[in-house]
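S.K.: Residue numbers (numbering that gives the first Met the number 0), protein chains in the order written: chain L, 0 to 192; chain Y, 0 to 192; chain Z, 0 to 192; chain H, 0 to 192.
There are 4 protein chains.
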Amino acid sequence: MDKGRVEAFSDGVIAIIITIMVLELKAPAGDHLNDLRPVLPAFAGYVLSFVYVGIYWTNHHHMMHAVRRVDGSVLWANLYLLFWLSMVPFVTAWMGEHPLATAPAVLYGFVLLMNALAWVVLQIRYLRLEGPDSPLAQAVSSGLKEKISPLIYVFGIAAAFVYVPVSLACYVIVAAMWIIPDRRVERQLGMGA
Amino acid sequence: MDKGRVEAFSDGVIAIIITIMVLELKAPAGDHLNDLRPVLPAFAGYVLSFVYVGIYWTNHHHMMHAVRRVDGSVLWANLYLLFWLSMVPFVTAWMGEHPLATAPAVLYGFVLLMNALAWVVLQIRYLRLEGPDSPLAQAVSSGLKEKISPLIYVFGIAAAFVYVPVSLACYVIVAAMWIIPDRRVERQLGMGA
Amino acid sequence: MDKGRVEAFSDGVIAIIITIMVLELKAPAGDHLNDLRPVLPAFAGYVLSFVYVGIYWTNHHHMMHAVRRVDGSVLWANLYLLFWLSMVPFVTAWMGEHPLATAPAVLYGFVLLMNALAWVVLQIRYLRLEGPDSPLAQAVSSGLKEKISPLIYVFGIAAAFVYVPVSLACYVIVAAMWIIPDRRVERQLGMGA
Amino acid sequence: MDKGRVEAFSDGVIAIIITIMVLELKAPAGDHLNDLRPVLPAFAGYVLSFVYVGIYWTNHHHMMHAVRRVDGSVLWANLYLLFWLSMVPFVTAWMGEHPLATAPAVLYGFVLLMNALAWVVLQIRYLRLEGPDSPLAQAVSSGLKEKISPLIYVFGIAAAFVYVPVSLACYVIVAAMWIIPDRRVERQLGMGA
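1. Could you tell me whether any Cβ in chain Z is nearer than 8 Å to the Cβ of L74(L)?
2. Closer than 8 Å by beta-carbon distance: list the chain Y residues that pair up with P27(L), in chain order.
3. Run through chain Y and tell me which residues come within less than 8 Å of S48(H), C-beta to C-beta.
4. From M235(H) to Y152(H), what does the alpha carbon distance come to, in whole angstroms?
5. May I ask you to list, following chain order, the residues of the region 12 to 24 of chain Y that have a beta carbon less than 7 Å from some beta carbon of chain L?
6. Three Cβ pairs or more, each shorter than 8 Å: is that satisfied between the region 128 to 136 of chain Z and the region 64 to 79 of chain Z?
7. Is H59(Z) buried or exposed, if buried means 16 or more other CB atoms sit within 10 Å of its CB?
8. With a 10 Å radius around its C-beta and 16 neighbouring C-beta atoms as the bar for buried, classify H31(Z) as buried or exposed.
9. Using a Cβ cut-off of 8 Å, pull out every chain L residue sitting near A7(Z), in sequence order please.
10. Just to check, is the beta-carbon of L121(Z) closer than 7 Å to a non-hydrogen atom of the ligand MN?
11. Could you tell me which of P164(L), T18(L), P37(L) sits nearest to A26(L), measuring between CA atoms?
12. Within the continuous alpha helix (DSSP H) that includes H97(Z), where are the two ends?
13. Work out the CA separation of G11(L) and S72(Y) for me, nearest whole Å.
14. Is it true that the CB of V52(Y) sits closer than 8 Å to the CB of A104(Y)?
15. Just the Cα atoms here: how many angstroms apart are P40(H) and V171(H)?
16. Nearest chain Z C-beta to L32(H) closer than 8 Å, yes or no?
17. Taking 8 Å as the threshold (C-beta atoms), are V87(Z) and I16(Z) in contact?
18. I need the DSSP call for A28(Y), collapsed to helix, strand or coil.
19. Since S166(Z) and A158(Z) should fall inside the 8 Å C-beta cutoff, what is the C-beta to C-beta distance between them, to a whole number of angstroms?
20. If you draw a straight line from the alpha carbon of A175(Y) to that of Q137(H), how long is it in whole angstroms?
21. In angstroms, rounded to a whole number, what distance separates the CA positions of L150(Y) and V50(Y)?
22. Can you find a C-beta in chain L that's less than 8 Å from the C-beta of H97(Y)?
23. Below 6 Å CB to CB, which residues in the same chain sit around W177(L) once its five sequence neighbours on both sides are set aside?
24. Would you mind sorting F160(L) into buried or exposed? The rule is 16 or more other CB atoms within 10 Å of its CB.
25. Could you name the residues of the same chain whose beta carbon sits closer than 6 Å to that of V90(Y), not counting the 5 residues immediately before and after it, in chain order?
26. Does DSSP put F154(Y) in a helix, a strand or coil?
27. May I ask you to list, following chain order, the residues of the region 97 to 117 of chain L that have a beta carbon less than 8 Å from some beta carbon of chain C?
28. Please check if any C-beta of chain H sits within less than 8 Å of the C-beta of D10(Y).
29. Can you look up P131(H) in the DSSP assignment and give me helix, strand or coil?
30. Since M63(L) and K146(L) are thought to touch, with beta carbons under 8 Å apart, how far apart are those beta carbons, to the nearest angstrom?
31. In chain H, which residues lie with their C-beta within 7 Å of the C-beta of W56(Y)?
32. What residues in its chain sit with their C-beta under 6 Å from that of W83(Z), if we drop five residues either side in the sequence?
33. Please tell me whether R4(Z) has its Cβ less than 8 Å away from any Cβ of chain H.
Okay, here's the thing in structure tokens:
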């Protein structure tokens, strides 16, 4: 089955991305529990990014479940998504070192936005390949979350220039919105089965 | 088969976690065998953490063997376990740099405790999905080790405030207790087969 | 199926190579958007190398699709290719730290050249194993891109001694040339199916 | 199939080990080709270790091909081998920083020796599980290379105290001896098929 290897490679890359972020958490210099305090913002950023990468993995899992084959164009759309996911550890590290600074919060939102757009591109390529009557097409017909998320990211990026906590709140809200896996696809597949 | 990808992704993350810890072992500055001496505590910590991650992998292997399907809720329970496993390299590095210090030993025990609880959560989600008559349910009916381990961790954490070697001994004891793979599941599956 | 594990191992190695390059992107010291400027050359190098590794992955995917079995000799030809791919992060890091310097551009081209030759070796080993009437043999009969790429790399290496941007342009051109996955194999397999 | 996940996890760990060694190759400080010179010993060590890990992977591939099932005891024998393989990047880094120094050459040989013994342990566990009439048992009946390799390692370790190049030559000789994949298993399986 052709799609198996796309899943395996994506799993590999996503597994590495989600895990190498923890390499950015440097062991504190001192040996007291208080020495953990400066690590806390980086830890919070790691948790948020872990959740985001986890969201992409579960949704990738759901989408691939509904997909029946791959071609060269979806291979590259998939690599394009993996590229932007691979930027997450970089921006997480920058934000962890400068919590509440404007520029890292802007770049973090920008990378989330590029991931969201790459996801839409991948979905479109798969829909074109699967056709309008495919289980996938019926499952993602509304795409409400896909439309709202980029707007919240853009708002979050703009908010970072005014008051960074609002910006971070935006990113947390989108994560919370998505942490519920795509019930539409699950329901659709459940009905079809 | 749906569960295959959960196994593949978990294998990827666990393989990375178990391997990146060795990146924390810095090559000694000098070129004499004596120069290895300061690396020894970090090496001992690496061995212990390698065994712990190995335990989770073999038990994950056994549990998934008895499982027949997955849903969105077990995907996230699985990610929650992987999150706490991904904290192991961080605390191993901290403990390796400050052997016999209280705070790293406390945090190490805390992370082990969170892993143990995440494991119980994952088991409960799977049991709910599989039902009370499933092979998994019959295999893990007593769950004695799951109940004792957290208690020993809590004792180990408390002991770290008094005398760290006792704390470390607790963590070694739980590892030794678990290194024997879950015979219950193996026996159960053997009987059913 | 024997070839499955070669795919899995290659996927693992390529996934790690493509992802660890991002570890070379150090978070900037400052917290302004301007502080990203010194990271830009390294980022551009990362994009180029990501595309190159992505090309090798998609073409590996296509080739393995047409392949029916493996033997000891292709295992080592495959490892030889993976070895040269594993050199990409090293030369990408060097070039990122010294953009527009001659030596890193020369070494980058040399590593690309060795990868291209390793790819040809792997293709030859598979063709020998599959035989002259195999789908793979018919699919790669002309091999025009395989013949031109090394020439452009050699020209790019030579150009690095005169004017580095020409050298880099050569590497970008070959990437652009290959980013289109091997239509020959796809067409061939499509026809046969 | 039960053994699939042991292969997948081993592939993951071995893929990471073989790839993270390249992280030890630091990009040279300067931007001249001459600046590569101090990296050469580390590069040579990387090549040797890459070949060794590659040997273990191909032989693991061959052994698993002949194996029909796994149990808890082979899971741990497999983890024990992966543990010693995970020590290879550490000793490679130490040897790369101190080429021709006695202690790193001793430790490098020691880690190779422990890997060889772990391999024998894994083989014995599988032979016990498969039984004396299994394809695996017939394939590895003589085990000449398994017996000679540890002796050469021990000689290499001793030689490191006298003249390090002899020690390194020993390690190169064993690698050359093993780079030919286990023809016995291949032949046996070919005959049986």
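We put the beta carbon where it would ideally sit given N, CA and C, even for glycine.
M.R.: Answer, in terms of the structure:
1. yes
2. W93
3. Near S48(H) there are no residues of chain Y at all, since even the closest Cβ is about 13 Å away, more than 8 Å.
4. Any question about residue 235(H) goes unanswered here, given that chain H covers just 0 to 192.
5. Answer in chain order: V12, I15, I16, I19.
6. yes
7. buried
8. exposed
9. A7
10. Questions concerning the ligand MN fall outside what the structure shown contains, since it holds no ligand whatsoever.
11. For the residues P164(L), T18(L), P37(L), the minimum Cα distance to A26(L) belongs to P37(L).
12. Counting along the chain, H97(Z) falls outside any alpha helix (DSSP H), and DSSP gives it neither H nor E.
13. 22 Å
14. no
15. 14 Å
16. yes
17. V87(Z) is positioned such that its CB atom lies closer than 8 Å to that of I16(Z).
18. coil
19. 4 Å
20. 35 Å
21. 20 Å
22. It does; some Cβ of chain L falls within 8 Å.
23. Excluding sequence neighbours, W177(L) sits near I54.
24. exposed
25. L106, Y107, V110
26. helix
27. Among the protein chains in the structure shown, which are L, Y, Z and H, there is no chain C.
28. yes
29. coil
30. The Cβ separation is near 22 Å, so there is no contact.
31. F8
32. Excluding sequence neighbours, W83(Z) sits near M113, N114, A117.
33. yes
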